[in-house]
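Novice:
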Amino acid sequence: MKKLINIFFEAVQGVISYRLRTFLSVFAIGLGIAAVTLVVAVVNGAYKSVTELISTFGPDTVMVFGGSRNMAGHGFRSMTITVDDVQAVKDAFPTAYSVHPFLPNPSTRISYRDKHHRAFAIGTPTAYTAMESWELASGRDILPIDQESAANVCVLGDTVKRTLFSESDDPIGKYVKVNSFYCQVIGVLKPVSLMGMRGDMNDRFIMPMSAVMKRISGQYKHIMMLRVSFEDMGNLKQRAEELENFLRMRHNIADDQDSDFMIISPDMIMKFFFAVSGAIMVFIGIMTLLTVSVGGFVMANMFLISVQERTKEIGIRRAFGATKSDIFRQFILEFGIITVLGALLGFVLGALGAKAVSGFGIFTAQISLGVFFAALAVSVLIAAVFGTAPAGRAASVNPIDAIRSR
3 MKKLINIFFE
13 AVQGVISYRL
23 RTFLSVFAIG
33 LGIAAVTLVV
43 AVVNGAYKSV
53 TELISTFGPD
63 TVMVFGGSRN
73 MAGHGFRSMT
83 ITVDDVQAVK
93 DAFPTAYSVH
103 PFLPNPSTRI
113 SYRDKHHRAF
123 AIGTPTAYTA
133 MESWELASGR
143 DILPIDQESA
153 ANVCVLGDTV
163 KRTLFSESDD
173 PIGKYVKVNS
183 FYCQVIGVLK
193 PVSLMGMRGD
203 MNDRFIMPMS
213 AVMKRISGQY
223 KHIMMLRVSF
233 EDMGNLKQRA
243 EELENFLRMR
253 HNIADDQDSD
263 FMIISPDMIM
273 KFFFAVSGAI
283 MVFIGIMTLL
293 TVSVGGFVMA
303 NMFLISVQER
313 TKEIGIRRAF
323 GATKSDIFRQ
333 FILEFGIITV
343 LGALLGFVLG
353 ALGAKAVSGF
363 GIFTAQISLG
373 VFFAALAVSV
383 LIAAVFGTAP
393 AGRAASVNPI
403 DAIRSR
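Put into structure tokens, the structure is as follows:
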């Protein structure tokens, strides 16, 4: 054990003595490890966001969006789901315990005194928090009486509340200006960390759908989205197909034509995520493998050159009793120390990259100890694969020839 400790300290001394070699090698390995760390963190973060989205979305729920994705680029209108469709779905699907329409209006101007903001306005007939499994921080939700009277009332998302009101200012009962009319704040939603397709999900406010139709969109016949929740969750895929066929029949769509709406289910979201993340993992995984291989190859060549420069040092150590095995262990330990330093640098760079990705507001990249240990495992593998040849070359140096060399 004492001998092994002495060899370890000799290896540390070698790492310190050849600073340029150490710096270049650590940097080369660090780039590869940073790529591994960033990829895993991004995929973990995306997976967490998707599962949270499905949890909020509801495992027993499908969403119907007006408009066709295939025809969106050809000026195809997105307002294709009608108010009459909502009632028809309720009548046709007895296992649908909730059929809830939404009428969103993006970038709606909302102001309070001298503060102005643009947020996502959502019209709902009632009980938005119950439908979205979202809790209120204060106040109340939209009630049926608000929908019936097209009341000028609203529930603010956390981002809107913090933008328009100070921390000590309670918005409940206050009047905010939405476009050109005033609306009384009746509730505030609790903040959520989930990022949606349109960014910050807290950057929204809720109003009765009748009020949105009357005072914001001017649209009385159509809605943008329809949320349908079924009691028989095990048959959700079949129910989604039945719902699509039902709406196609109501909209008189021929068999050879695309639907003028889109249906999205939790199963479709997961399939899309795994398809995209799988493709990204394969592509970046190949790039990462190439980067790590190049880093290991660069290190191996540097060490081979280093062996030639340190021939006399090796000869002196052999003359004082060091065996071939001792020399091999020293050089493989030097290689290992440098790759571990590269792993630490790469992990830090990867964590900084993950933080930068999180700053885009799409989702939060997840850094974990598992990622760190994976980086260490990759560094050990690099040392084992690329460090053997230089260490073997060093161990095979003839001590007499080495001492005679200049």
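Note that my numbering has the sequence shown beginning at 3, numbered continuously upward.
Here a beta-carbon is modelled for each residue, glycine too, at the ideal position from N, C-alpha and C.
May I have the straight-line CA-CA distance separating residue 389 from residue 303, to the nearest angstrom?
Specialist: Here residue 389 refers to the residue found at position 387 of the sequence shown. Here residue 303 refers to the residue found at position 301 of the sequence shown. Going from the Cα of residue 389 to the Cα of residue 303 covers about 10 Å.
Novice: In the DSSP assignment, find the unbroken alpha helix (DSSP H) run with residue 367 in it and report its ends.
Specialist: Counting from 1 along the sequence shown, the entry for residue 367 is found at position 365. Here residue 367 belongs to no alpha helix (DSSP H), and DSSP marks it neither H nor E.
Novice: Here's a check: name, in chain order, each residue in its chain whose Cβ is nearer than 6 Å to the Cβ of residue 418, leaving out the five neighbours to either side.
Specialist: This structure gives no information on residue 418, because the portion of the chain shown stretches from 3 to 408.
Novice: State yes or no: is the C-beta of residue 410 within less than 8 Å of the C-beta of residue 223?
Specialist: Coverage of the chain is limited to positions 3 through 408, which leaves residue 410 absent and any answer about it impossible.
Novice: According to DSSP, is residue 226 part of a helix, a strand, or is it coil?
Specialist: Reading the sequence shown from its first residue, position 224 is the one you call residue 226. In the structure shown, residue 226 sits in coil (DSSP, three-state: anything other than H, G, I, E or B).
Novice: Over the uninterrupted alpha helix (DSSP H) stretch that includes residue 327, give me the two end residues.
Specialist: For the purposes of this step, residue 327 is identified with residue 325 of the sequence shown, where counting begins at 1. Note, residue 327: alpha helix (DSSP H), 326-360.
Novice: Determine the closest residue to residue 343 out of 36, 194 and 9, with distance taken between C-alpha atoms.
Specialist: If you number the sequence shown from 1, residue 343 lands on position 341. The candidate whose alpha carbon is nearest that of residue 343 is 36.
Novice: Between 341, 194, 339 and 157, which lies nearest to residue 180 when the distance is taken from Cα to Cα?
Specialist: Stepping through the sequence shown from its first residue, residue 180 is reached at position 178. The option with the nearest alpha carbon to residue 180 is 157.
Novice: Do residue 331 and residue 9 come within 8 Å of each other at the CB atom, strictly closer than that value?
Specialist: Position 7 of the sequence shown, counting from 1, holds the residue named residue 9. Position 329 of the sequence shown, counting from 1, holds the residue named residue 331. It is a contact, given that the beta carbons lie within the stated cut-off.
Novice: Alpha carbon to alpha carbon, what distance is there between residue 162 and residue 112?
Specialist: Position 110 of the sequence shown, counted from the first residue, corresponds to residue 112. Position 160 of the sequence shown, counted from the first residue, corresponds to residue 162. Each residue's alpha carbon lies about 9 Å from the other.
Novice: Buried or exposed for residue 118, going by 16 or more other Cβ atoms inside 10 Å?
Specialist: What you label residue 118 is simply residue 116 of the sequence shown in a count that begins at 1. Exposed, since its Cβ has fewer than 16 Cβ neighbours within 10 Å.
Novice: Below 8 Å CB to CB, which residues in the same chain sit around residue 360 once its five sequence neighbours on both sides are set aside?
Specialist: Numbered from its first residue, the sequence shown carries residue 360 at position 358. Taken in chain order, the residues that qualify are 47, 366 and 367.
Novice: Who are the near neighbours of residue 174 in its chain, counting only those whose CB is closer than 8 Å to its CB and skipping five residues on each side?
Specialist: By one-based count along the sequence shown, residue 174 stands at place 172. So the qualifying residues of the chain are 140, 141, 187, 188, 189 and 190.
Novice: Could you pull the start and end residues of the beta strand (DSSP E) that residue 100 belongs to?
Specialist: By 1-based counting over the sequence shown, the position of residue 100 is 98. 98-114 is the span of the beta strand (DSSP E), which, as asked, contains residue 100.
Novice: Beta carbon of residue 110, beta carbon of residue 121: below 8 Å?
Specialist: Residue numbering aside, residue 110 sits at position 108 when the sequence shown is read from its first letter. Residue numbering aside, residue 121 sits at position 119 when the sequence shown is read from its first letter. Cβ atoms of residue 110 and residue 121: closer than 8 Å.
Novice: Within a Cβ cutoff of 6 Å, which residues of the same chain sit near residue 103, ignoring the five residues on either side of it in sequence?
Specialist: Within the sequence shown, the letter at position 101 stands for residue 103. Here the set comprises 88, 225 and 228.
Novice: Do residue 19 and residue 340 have their C-beta atoms closer together than 8 Å?
Specialist: Position 17 of the sequence shown, counting from 1, holds the residue named residue 19. Position 338 of the sequence shown, counting from 1, holds the residue named residue 340. No.
Novice: Would you mind working out which of 64, 53 and 82 sits nearest residue 254, comparing C-alpha positions?
Specialist: Working through the sequence shown from its first residue, we reach residue 254 at position 252. The candidate whose alpha carbon is nearest that of residue 254 is 82.
Novice: Return helix, strand or coil for residue 398, following the three-state DSSP convention.
Specialist: Taking the sequence shown and counting its residues from 1, one reaches residue 398 at position 396. In this structure, residue 398 counts as coil in the three-state DSSP scheme.
Novice: Return helix, strand or coil for residue 173, following the three-state DSSP convention.
Specialist: Here residue 173 is taken as the residue at index 171 of the sequence shown, counted from 1. Residue state, collapsed to three classes: coil.
Novice: Return yes when the Cβ of residue 288 is within less than 8 Å of the Cβ of residue 396, no when it is not.
Specialist: As a working note, residue 396 is residue 394 in the sequence shown. As a working note, residue 288 is residue 286 in the sequence shown. No, Cβ-Cβ distance for residue 396 and residue 288 is not below 8 Å.
Novice: Whole-angstrom Cβ separation of residue 246 and residue 99, contact assumed at under 8 Å?
Specialist: Numbered from its first residue, the sequence shown carries residue 246 at position 244. Numbered from its first residue, the sequence shown carries residue 99 at position 97. 19 Å between Cβ atoms; not a contact.
Novice: Using a 10 Å radius around the Cβ and a threshold of 16 neighbouring Cβ atoms, would you call residue 383 buried or exposed?
Specialist: Indexing the sequence shown from 1 puts residue 383 at position 381. It counts as exposed.
Novice: In the DSSP output, which residue or residues are listed as bridge partners for residue 121?
Specialist: Reading the sequence shown from its first residue, position 119 is the one you call residue 121. Answer is 110.
Novice: How is the beta strand (DSSP E) around residue 151 delimited, first residue to last?
Specialist: Translated into the one-based positions of the sequence shown, residue 151 becomes position 149. Careful: residue 151 lies outside any beta strand (DSSP E), inside the alpha helix (DSSP H) at 146-151.
Novice: Would you tell me roughly how many angstroms separate the C-alpha atoms of residue 250 and residue 116, rounded to the nearest one?
Specialist: Here residue 250 refers to the residue found at position 248 of the sequence shown. Here residue 116 refers to the residue found at position 114 of the sequence shown. C-alpha separation (whole angstroms): 48 Å.
Novice: Just the Cα atoms here: how many angstroms apart are residue 184 and residue 147?
Specialist: Taking the first residue of the sequence shown as position 1, residue 184 is located at position 182. Taking the first residue of the sequence shown as position 1, residue 147 is located at position 145. Those two C-alpha atoms are separated by around 18 Å.
Novice: Helix, strand or coil: which one does DSSP assign to residue 389?
Specialist: Your numbering for residue 389 matches position 387 in the sequence shown. Note: residue 389 maps to coil in three-state DSSP.
Novice: According to the neighbour-count rule (16 or more other Cβ atoms, all chains shown, within 10 Å of its Cβ), is residue 284 buried or exposed?
Specialist: To locate residue 284, count along the sequence shown from 1; it is residue 282. By the 10 Å Cβ count, residue 284 comes out exposed.
Novice: Please tell me whether residue 149 and residue 211 are closer than 8 Å, where the distance is taken between their beta carbons.
Specialist: Translated into positions along the sequence shown, residue 149 becomes position 147. Translated into positions along the sequence shown, residue 211 becomes position 209. Their beta carbons are under 8 Å apart, which means residue 149 touches residue 211 by this criterion.
Novice: Is it the case that the Cβ atoms of residue 94 and residue 218 are separated by a distance below 8 Å?
Specialist: Counting from 1 along the sequence shown, the entry for residue 94 is found at position 92. Counting from 1 along the sequence shown, the entry for residue 218 is found at position 216. Not closer than 8 Å, so no.
Novice: At which residues does the alpha helix (DSSP H) containing residue 161 begin and terminate?
Specialist: To locate residue 161, count along the sequence shown from 1; it is residue 159. From DSSP, the alpha helix (DSSP H) with residue 161 extends over 160-166.
Novice: Name the residue from 320, 305 and 321 whose alpha carbon lies nearest to the alpha carbon of residue 333.
Specialist: Here residue 333 is taken as the residue at index 331 of the sequence shown, counted from 1. Comparing Cα positions, the closest option is 305.
Novice: Compute the Euclidean distance between the alpha carbons of residue 277 and residue 231, then round it to the nearest angstrom.
Specialist: Position 275 of the sequence shown, counting from 1, holds the residue named residue 277. Position 229 of the sequence shown, counting from 1, holds the residue named residue 231. Going by the C-alpha atoms only, they are around 26 Å apart.
Novice: Around the Cβ of residue 6, are there at least 16 other Cβ atoms within 10 angstroms (buried) or fewer (exposed)?
Specialist: Here the question's residue 6 lines up with position 4 in the sequence shown. Per the 10 Å Cβ criterion, exposed.
Novice: Pull up the distance between the alpha-carbon of residue 300 and that of residue 317, whole angstroms please.
Specialist: Here residue 300 refers to the residue found at position 298 when the sequence shown is read from its first residue. Here residue 317 refers to the residue found at position 315 when the sequence shown is read from its first residue. Straight-line Cα distance between these residues: approximately 25 Å.
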